[in-house]
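Notes to accompany the following structure.
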Amino acid sequence: MTRALSGIQPTGDTHLGNYLGAVRHWVADQDVHDSYYCIVDLHALTIPRDPGQLRAKTLETAMILLAAGLDPARCTLFVQSQVPEHTELSWLLECVASMGELRRMTQFKDKTAKGGETEARVGLFTYPVLQAADILIYDADLVPVGEDQRQHLELCRDLALRFNHRYGDTFVVPEALIRPLGAKIQDLQEPARKMSKSSESPQGTLLVLDPPDVMRRKIRRAVTDPGTEVRFDPEGKPGVSNLVQILAVATGRPPAEVAASYDQYGPLKNDAAEAVVELLLPLQERYRELAGDPKRTAAILEEGAAKAQRVASATLARAKDAVGLLPRGRVVG
Ligand code: AMP
Ligand code: TRP
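Numbers given in my numbering equal positions in the sequence shown, counted from 1, plus 91.
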């Protein structure tokens with residue numbers, strides 16, 4: 092069976108882009124691949140976080156994933172920091188990665204564009220190396236993610252290939268699994284930007300836990316484009332195309348067909364709003380149930396971490412051996 096691994100940050104709030112670009116595929120993938128899903132709390136530390144909030148959001152993110160349909164009987168759901176092998180492998184990979192290739196990462200460039208590099212945390216720079224460790228430590232074949240992760244996945248492949256070349260075959264070289272539809276949901280207020288946890292655009296970010304009326308309002312107030320024609324053209328009509336895409340993914344129809352059935356923005360917005368509410372309502376109901384019993388989720392995470400750790404520790408031992416680290420208690424020669 093092929094193995095899939097993916098991760099999500101427990102920061103901000105889980106939004107429609109996360110759901111359409113990643114989480115809904117993870118749910119479907121559970122029965123197709125041996126699936127590992129990781130809440131990447133260590134990655135969240137690359138920018139300032141309140142400790143209490145980080146802890147609360149980590150549990151909340153787990154509940155959202157379970158409410159979306161991840162099933163601990165069919166996948167392994169765990170918290171990154173509970174499997175310390177990731178950070179140890181990350182160090183080995185840092186000694187394979189180069190400054191130049193990390194400096195080319197657009198996410199690092201974007202996040203340091205305003206404040207400059209000097210004050211940026213080193214962890215923000217090495218972020219993609221830890222991400223590579225998350226993936227390689229599970230011998231993952233596939234990594235289902237949204238479009239914004241393509242470059243990080245290329246780096247991960249480069250590191251795996253270089254390590255294998257230098258030290259002998261150690262890692263599976265993974266592939267990004269980016270589905271064409273829903274992989275890039277844009278901000279509802281600024282359709283030139285992706286919907287993001289870190290953006291300061293609360294009206295443009297539709298949260299999976301937003302009450303239905305709030306979802307409806309955000310979609311009805313979405314920024315559209317000049318003119319009145321509805322067509323699917325992400326370059327020329329980014330605002331309208333984003334709504335068309337959301338409606339298309341929510342209803343499982345091709346975007347061109349969705350666009351062709353509207354000649355005004357108003358009805359498109361209304362239908363997109365209703366489709367999103369309908370799509371997310373079952374998740375919200377299950378979330379409320381789970382939120383009433385946090386111990387249940389904590390127990391699921393505990394079991395997930397134990398299972399993940401069994402796989403991770405074996406891969407880590409292989410990698411340490413490959414680079415020549417002396418195992419405890421073994422005399423060589
Ligand atoms: P993050 O919120 O950065 O932890 O992302 C978790 C997953 O959601 C990753 O696979 C991302 O690629 C995906 N994702 C994040 N934002 C979007 C978006 N606006 N559209 C589609 N997928 C997204
Ligand atoms: N960097 C990813 C994001 O922001 C999160 C992530 C961390 C991840 N480790 C991963 C995604 C491993 C896939 C596989 O979305």
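Just so you know, even glycine gets a beta-carbon here, dropped at the ideal spot from N, CA and C. Everything numeric in this text was worked out from a predicted model, so none of it was measured.
Item                                                                                                                               : Value
Would the beta-carbon of P163 be found less than 8 Å away from any heavy atom of the ligand AMP?                                   : no
Any idea what DSSP makes of I155, helix, strand or coil?                                                                           : helix
Between which two residues does the alpha helix (DSSP H) harbouring V118 extend?                                                   : R115 to D120
By a C-beta neighbour count over all protein chains shown, 10 Å radius and 16 as the cutoff for buried, is W117 buried or exposed? : buried
Just verifying my parser: in three-state terms, what is the DSSP assignment at E291?                                               : coil
Give the range of the alpha helix (DSSP H) segment to which E380 is assigned.                                                      : Y356 to A382
How would you call H256, buried or exposed, if buried means at least 16 neighbouring beta carbons within 10 angstroms?             : exposed
Compare the C-alpha of Q240 against each of P329, R419 and S287 and name the closest.                                              : S287
Please find out if some non-hydrogen atom of the ligand TRP comes closer than 8 Å to the beta-carbon of H116.                      : no
Going straight from the alpha carbon of D324 to that of F254, what length do you get?                                              : 42 Å
Taking only heavy atoms of the ligand AMP into account, decide whether any of them is closer than 8 Å to the Cβ of S287.           : yes
Quick check on C186: does DSSP put it in helix, strand or coil?                                                                    : coil
May I ask whether a heavy atom of the ligand TRP can be found less than 8 Å away from the beta carbon of C186?                     : no
Does Q144 pass the burial test, meaning 16 or more other C-beta atoms within 10 Å, or should it be called exposed?                 : exposed
Using 8 Å as the cut-off, classify the Cβ of H256 as near or not near the heavy atoms of the ligand TRP, replying yes or no.       : no
Please determine, among G415, S404 and R419, the residue with the shortest C-alpha to C-alpha distance to E179.                    : S404
Could you have a look at D125 and say whether DSSP puts it in helix, strand or coil?                                               : strand
Figure out for me which residue from C186, K205, E245 and L227 has the closest Cα to the Cα of M196.                               : E245
State yes or no: is the C-beta of V236 nearer than 8 Å to some heavy atom of the ligand TRP?                                       : yes
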